[in-house]
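Q: Its first residue numbered 123, the sequence shown is counted upward by one per residue in the numbering used here.
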Amino acid sequence: MRLPPPNGHNNRRWRALPVEAPLTRQDKRRDFAAPRVANHDRGAAQALRRCAENALQGGPAQAAEHLELASMSPEAIGKVLHELRVHQIELEMQNDELRRRQLQLDTARARYFDIYDLAPVGYCTLSEAGLIIEANLAAASLLGATRSALVKQRISHFIVKADQDVFYLHRKQLQRTGERQTCELRMARLDGTPFWGHLETATAQEADGSTVFRVMISDISQRKHAETELRIAAVAFESQQGMMVTDAAGIILRVNRAFTEITGYPADEVVGKVPSVLDPGLHDADFVLAMRDTIDRVGGWQGETLDRRKNGEVYPVWLSVSAVRATDRGVSHYVATLYDITQRKQAECKIEALAFYDYLTHLPNRVLLLDHLNQAMVASHRSGTFGALLFIDLDRFKALNDSHGHDKGDLLLQAVAQRLLASVRECDTVARLGGDEFVVMLVSLSGCREDAALQAEIIGEKIRTALNRPYQLDGSEHHCTASIGATLFQGHQTSIDEIMKQADLAMYETKECGRDRFRFFDPAMQTAALGCADLEICLRRAIGERQFVLHYQAQVVADGRVTGSEALLRWPCPERGVLLPAEFIPLAERSGLILPLGTWVLEAACAQLALWAGRAELAHLSIAVNVSARQFHEPDFANQVLAILAQTGANPNRLQLELTESVLVDNVDDLIQKVSRLKASGVGLSLDDFGTGYSSLLLLKRLPLDRLKIDRSFVRDVLSDPDDAAIATAIVALARSMGLGVIAEGVDTGPQRDFLAGIGCDAYQGYFFSRPLPIDEFEEFVLLA
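(1) Only counting the same chain, and skipping five residues up and downstream in sequence, which positions put a Cβ closer than 8 Å to that of residue 700?
(2) Grab the span of the alpha helix (DSSP H) containing residue 798 for me, first residue to last.
(3) Would you list, in sequence order, the uninterrupted beta strand (DSSP E) runs of no fewer than 3 residues that lie entirely inside the region 675 to 758?
(4) Which ranges would you report for the alpha helix (DSSP H) in the region 755 to 782 if only whole runs of at least 4 residues count?
(5) To the nearest angstrom, report how far apart residue 857 and residue 886 are at their CA atoms.
(6) In angstroms with no decimal places, state the Cα-to-Cα distance between residue 893 and residue 676.
(7) Give me, in chain order, the residues of the same chain whose beta-carbon lies closer than 7 Å to that of residue 326; leave out the 5 immediate sequence neighbours on both sides.
(8) Using the Cβ count rule (16 or more neighbours within 10 Å means buried), how would you classify residue 160?
(9) Would you check if the distance between the CB atom of residue 321 and the CB atom of residue 306 is smaller than 9 Å?
(10) For residue 876, does the count of other Cβ atoms within 10 angstroms reach 16, so buried, or fall short, so exposed?
(11) Who pairs with residue 422 in a beta bridge, going by DSSP?
(12) DSSP has residue 514 in a bridge; who is on the other side?
(13) Flag this pair as touching only if the region 740 to 753 and the region 711 to 721 have three or more C-beta atom pairs under 8 Å; answer yes or no.
(14) Roughly how many angstroms lie between the CA atoms of residue 542 and residue 489, to the nearest whole one?
(15) For a minimum of 4 consecutive residues, which ranges assigned as the alpha helix (DSSP H) are wholly contained in the region 431 to 490?
(16) How many angstroms separate the CA atom of residue 499 from the CA atom of residue 620?
(17) Per DSSP, what kind of secondary structure is residue 315 in: helix, strand or coil?
(18) Tell me the start and end of each unbroken alpha helix (DSSP H) in the region 837 to 893 that is at least 4 residues and wholly inside, in chain order.
(19) First and last residue of the beta strand (DSSP E) that includes residue 808?
(20) Excluding five sequence neighbours on each side, which residues of the same chain lie with their C-beta closer than 6 Å to the C-beta of residue 346?
(21) Between which two residues does the alpha helix (DSSP H) harbouring residue 299 extend?
(22) Looking at residue 385: is its Cβ nearer than 9 Å to the Cβ of residue 429?
(23) In this structure, how does DSSP classify residue 243 when only helix, strand and coil are distinguished?
(24) Apart from the five residues on each side of it in sequence, which residues of its chain come closer than 6 Å, Cβ to Cβ, to residue 775?
(25) For residue 811, which option in 781, 431, 838, 534 has the closest C-alpha, if you only look at C-alpha atoms?
(26) State buried or exposed for residue 753, treating a residue as buried only when at least 16 other CB atoms are found within 10 Å of its CB.
(27) At which residues does the alpha helix (DSSP H) containing residue 632 begin and terminate?
(28) Please report the Cβ distance between residue 554 and residue 487, rounded to the nearest whole angstrom; I am assuming they are in contact, meaning their Cβ atoms lie under 8 Å.
(29) So, for residue 905: in the same chain, excluding its five sequence neighbours on each side, which residues have a beta-carbon less than 7 Å away from its beta-carbon?
(30) Considering only residues of the same chain and omitting the five flanking positions on each side of residue 152, which have a CB-CB separation below 6 Å?
(31) May I ask you to list the residues that DSSP assigns as paired with residue 593?
(32) Residue 316: which of 758, 253, 266, 733 sits nearest, CA to CA?
(33) Identify whether residue 545 lies in helix, strand or coil by the three-state DSSP scheme.
(34) Is there contact here, the region 459 to 469 with the region 435 to 442, by at least three beta-carbon pairs under 8 Å?
(35) Report yes or no: is there a C-beta of chain B within less than 9 Å of the C-beta of residue 310?
(36) Would you call residue 702 buried or exposed, if buried means 16 or more other Cβ atoms sit within 10 Å of its Cβ?
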């Protein structure tokens, strides 16, 4: 700075001061460093300094006043002035430097704030209480709020509640150590959107001495997601599915543990090789080319294939191959997953066997047969040839099953299946429908119906002959015959259901005609079947409406007395008139309606016995009731009979149950048990139609029967056929030897009665005495007799 000269006389003193040459820059620096005034003038110099400072503050007059008082030498004053000039220059230089540095600081501060605000990472300054003091633009964007809205917000407000403890420990560790701390935690923006944050925090001192936290916040959500994906990928790679990674050339780079477990190859034996090491060589070139083409086109392929284990075993595998493309769209790797489906295939085979094959004989079941039949019909339409369907039913199979056990029955069915397979061609189908019913489907027969029928009949007779041969069943021999019904088919002229019905009808017609035969379907059978269907509907309605009545045919002893009767069923059908048992009983047997029908007959007969018991002139009469084999074999048959007797109040001693010989060939133990129980209750038992069946004399001996009944077929020609006469005589003799009574049915003439009486027959029944009569007429007949 420059001091103005003082006013007045002192002005001369200012002018008298010596003036030195201007100082160079080096002089200025040197003088600035050297002592400004000699030691002996230091006091004067200090006074002069004060004078200069006062002059700066108060003006020249005040400065001169001080100079007046200062006793200084001119030399000292000159030196002081020189020093002041140097100091003035120095201050000017310092001002320039300060201005320059201020400009630098302003520039740096502007650059800092640009970097601070535009940084891609969020920066926040927090108070010791955790309140946000300031935040940059990135932090505001990251937290989903404006910078002004963030001020005075607690940083914990943006941390997920479950991770608050993480931040608390992070801050506590920073306060304890004073060292920079980092942590990762889950955060949430102001609108609640979650993200993963990385916090790096350090302490800092503000100008006022307060401690603040400088926090750097980074969004690491993508990294966390990638880490999660990597963990998932790592877990997936070590899953139960075998995995194999190859490069673009197909060289194996890596396999997982499941791959080794499935294939038997450890990683070091396959890495560096190509996947063909697993190829069993069973796939043709087209399969491999199609797989590669699909991978190239769509980036992947999956399907069932075959691989070979290290031990040479070939096994089924579900293979999935995916191409991994690099950023340039080229394939960099292939990832293959393979799943051993051996157990699944085995399970599928078992399920298929259960669904489509008979468990006992392993023959196709009904479902698979129908599928084969449909395919055969399509093929026959294309080729113009005929096919044939043969229904085969074993005769009297139930007798074997019940008398010798189901294990023997199963052995027979298995043997029959093998004989059927041996009797047909490989292109034909042998199936089991269930029970003792088998079906043979013949294909590719002649295109001429007559020739095709002949071919089918020849094969059918071959089958029948094969099935008639004796069977060795677990050491015992068994004979069995079969009834076979057949029908032809060509294309879809006839539906599958209709073809099945035709063959079934032909088989049942064979049984009706005596079994052990082969017979083709005849349209007349269809007509008869339709008639049976209508009749069955009427029969069901009749049972519900109790349309039936009982007629009674007298049973007479030698002296002409009527001792009882046989209850014979009649059906006065509103649409068809009165029907005899032969017209509807077979249908009732087949349809199962024989059970409710038989129950009604027993109830009606027992009710009648109860009524007769109240009339002295009729109380001695008994009633014989026919019992079907199916009815008798019902588990609760004996209980049912006894319950009806108790319900109606009938005398058990007046009830006679007539059993046919067919009852005897089934479950013998059950037969004896039921018969014995009924006999013990007083119920009488007769063996009906004796001589027409296959009664065992040993079994007859074990049964508590009361009498035998000679069948009408022997009685009819007893006078003209020596064989019938001999049989009748033998039956009477057998009964006598066993202590049983004998009654003959179908006695229609006096000579027949006389012959039977002559051989010792006890009682008679037939038109010679009386036809079956309604209850009123029968009672009148008894009273007149």
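Don't be surprised by glycine CBs; every beta carbon is placed ideally from N, CA and C.
A: Put simply:
(1) Translated into the one-based positions of the sequence shown, residue 700 becomes position 578. Hits under 8 Å: 692, 693, 694.
(2) Along the sequence shown, one-based indexing puts residue 798 at 676. 790 to 802 is the extent of the alpha helix (DSSP H) around residue 798.
(3) 684 to 695, 699 to 701, 744 to 749
(4) Qualifying alpha helix (DSSP H) stretches, in chain order: 759 to 770.
(5) As a first step, residue 857 is located in the sequence shown; it is residue number 735 there, counting from the start. As a first step, residue 886 is located in the sequence shown; it is residue number 764 there, counting from the start. Their backbone Cα atoms lie some 15 Å apart in a straight line.
(6) If you number the sequence shown from 1, residue 893 lands on position 771. If you number the sequence shown from 1, residue 676 lands on position 554. Distance between the alpha carbons of residue 893 and residue 676: 8 Å.
(7) Residue mapping note: residue 326 aligns to position 204 of the sequence shown, counting from 1. Taken in chain order, the residues that qualify are 334, 336.
(8) Start at 1 with the first residue of the sequence shown, and residue 160 comes out as number 38. With a pLDDT of 44 at residue 160, under the threshold of 50, the predicted position of this residue should be treated as unreliable, and no value is reported.
(9) Position 199 of the sequence shown, counting from 1, holds the residue named residue 321. Position 184 of the sequence shown, counting from 1, holds the residue named residue 306. Yes.
(10) In the sequence shown, the residue the question calls residue 876 occupies position 754. The residue in question, residue 876, is exposed, as its Cβ has fewer than 16 Cβ neighbours within 10 Å.
(11) Stepping through the sequence shown from its first residue, residue 422 is reached at position 300. Looking at the DSSP output, residue 422 shares a beta bridge with 444.
(12) If you number the sequence shown from 1, residue 514 lands on position 392. 560, 606, per the DSSP bridge assignment.
(13) yes
(14) Here residue 542 is taken as the residue at index 420 of the sequence shown, counted from 1. Here residue 489 is taken as the residue at index 367 of the sequence shown, counted from 1. Near 19 Å, if we compare the C-alpha coordinates of residue 489 and residue 542.
(15) 464 to 478
(16) Reading the sequence shown from its first residue, position 377 is the one you call residue 499. Reading the sequence shown from its first residue, position 498 is the one you call residue 620. Between residue 499 and residue 620, the C-alpha separation is close to 13 Å.
(17) As a position in the sequence shown, residue 315 is number 193, starting the count at 1. Correct three-state label for residue 315: coil.
(18) 844 to 860, 872 to 880
(19) Along the sequence shown, one-based indexing puts residue 808 at 686. Per DSSP, residue 808 belongs to the beta strand (DSSP E) from 806 to 812.
(20) Locating residue 346 in the sequence shown gives position 224, where the first residue counts as 1. Same-chain partners within the cutoff: 318.
(21) As a first step, residue 299 must be located in the sequence shown, where it is residue number 177. 286 to 299 is the extent of the alpha helix (DSSP H) around residue 299.
(22) Working through the sequence shown from its first residue, we reach residue 385 at position 263. Working through the sequence shown from its first residue, we reach residue 429 at position 307. Closer than 9 Å, so yes.
(23) Start at 1 with the first residue of the sequence shown, and residue 243 comes out as number 121. In the structure shown, residue 243 sits in coil (DSSP, three-state: anything other than H, G, I, E or B).
(24) To locate residue 775, count along the sequence shown from 1; it is residue 653. Counting only Cβ-Cβ distances below 6 Å, and skipping sequence neighbours, we find 804.
(25) Your numbering for residue 811 matches position 689 in the sequence shown. Closest option to residue 811, Cα to Cα, is 781.
(26) Locating residue 753 in the sequence shown gives position 631, where the first residue counts as 1. Classification for residue 753: buried.
(27) Translated into positions along the sequence shown, residue 632 becomes position 510. Looking at the DSSP string, the run of the alpha helix (DSSP H) that includes residue 632 is 618 to 634.
(28) Translated into the one-based positions of the sequence shown, residue 554 becomes position 432. Translated into the one-based positions of the sequence shown, residue 487 becomes position 365. Contact flag correct, Cβ pair sits at about 7 Å.
(29) Sequence index remark: in the sequence shown, residue 905 carries index 783 (1-based). In the same chain as residue 905, and ignoring 5 residues on each side of it, the C-beta atoms closer than 7 Å to its own belong to 739, in chain order.
(30) To locate residue 152, count along the sequence shown from 1; it is residue 30. The predicted model places residue 152 with a pLDDT of 43, which falls under 50 and marks its position as unreliable, so this point remains unresolved.
(31) Looking up residue 593 in the sequence shown gives position 471. Under DSSP, residue 593 shares a beta bridge with 600.
(32) For this step, residue 316 is matched to residue 194 along the sequence shown. Considering only 758, 253, 266, 733, the residue with the shortest C-alpha distance to residue 316 is 266.
(33) The residue labelled residue 545 in the question sits at position 423 within the sequence shown. Residue 545: helix per DSSP, three-state reduction.
(34) Because the criterion of three Cβ pairs below 8 Å is met, the region 459 to 469 and the region 435 to 442 touch.
(35) No chain B is part of this structure, which consists of one protein chain only.
(36) One-based indexing of the sequence shown puts residue 702 at position 580. When all chains shown are included, residue 702 counts as exposed.
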